[in-house]
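Worksheet: the structure to be examined is printed underneath.
Numbering (this note's numbering), first residue to last: 140 to 262.
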């Protein structure tokens, strides 16, 4: 019996810090995920094409705030099922992220193992 090739899960990362985007993308791609990225929250709301399987969303971004993006996604029938992990350099705003509808929270800087555990939990 042949095994079917698995289709990699797609993760969208929205963060205005290019260093975070590059490092996180490299980690996730090494683990076999398909990664897309954007530098601002507004482009998440204008996303064209297939929805990702998971969104890593920075809370504090220039332009559209990550919590506003999360609220809009969770209030839409088309995207309310999309798991959102909010990320922030502020460790004391986890409840703020959850109030916005985030499914999980990750404080920057984060360990690779913590990132991968949370990603696997939601995929």
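The C-beta atom is built at its ideal place from N, Cα and C for all residues, glycine as well.
Return helix, strand or coil for residue i, following the three-state DSSP convention.
i           : result
residue 225 : strand
residue 243 : strand
residue 219 : coil
residue 163 : helix
residue 180 : helix
Taking 7 Å as the line, does the beta carbon of residue i fall inside it for any heavy atom of the ligand MN?
i           : result
residue 148 : Inclusion of the ligand MN in the displayed structure is not the case, the ligand content being empty and no account of it being possible.
Mind reading off the beta-carbon distance from residue i to residue j? Whole number of angstroms is fine, and I expect it under 8 Å.
i           : j           : result
residue 225 : residue 205 : 6 Å
residue 174 : residue 182 : Residue 174 to residue 182, Cβ: 15 Å. No contact.
Under 8 Å, do residue i and residue j count as touching if we go by C-beta distance?
i           : j           : result
residue 246 : residue 209 : no
residue 194 : residue 160 : no
residue 218 : residue 254 : no
residue 188 : residue 153 : no
Who are the Cβ neighbours of residue i in its own chain at under 8 Å, not counting the five residues just before and after it?
i           : result
residue 184 : 203, 208, 211 and 212
residue 235 : 198 and 206
Give me the DSSP bridge partner(s) of residue i.
i           : result
residue 169 : Paired residues: none, contrary to the question.
residue 201 : Partner(s): none; residue 201 has no beta bridge.
residue 150 : 174 and 193
Kindly list the residues whose CB is nearer than 7 Å to the CB of residue i, restricted to its own chain and excluding five residues on each side of it in sequence; keep chain order.
i           : result
residue 171 : 147
residue 262 : 148, 192 and 193
Which residues in the same chain have their Cβ closer than 6 Å to the Cβ of residue i, if we skip the five residues on either side of it in sequence?
i           : result
residue 167 : 150 and 174
residue 243 : 224 and 257
residue 178 : 155
residue 239 : 206, 209 and 210
8 Å is my cut-off, CB to CB: does residue i come that close to chain B?
i           : result
residue 172 : In the structure shown, chain B cannot be found, because there is only a single protein chain.
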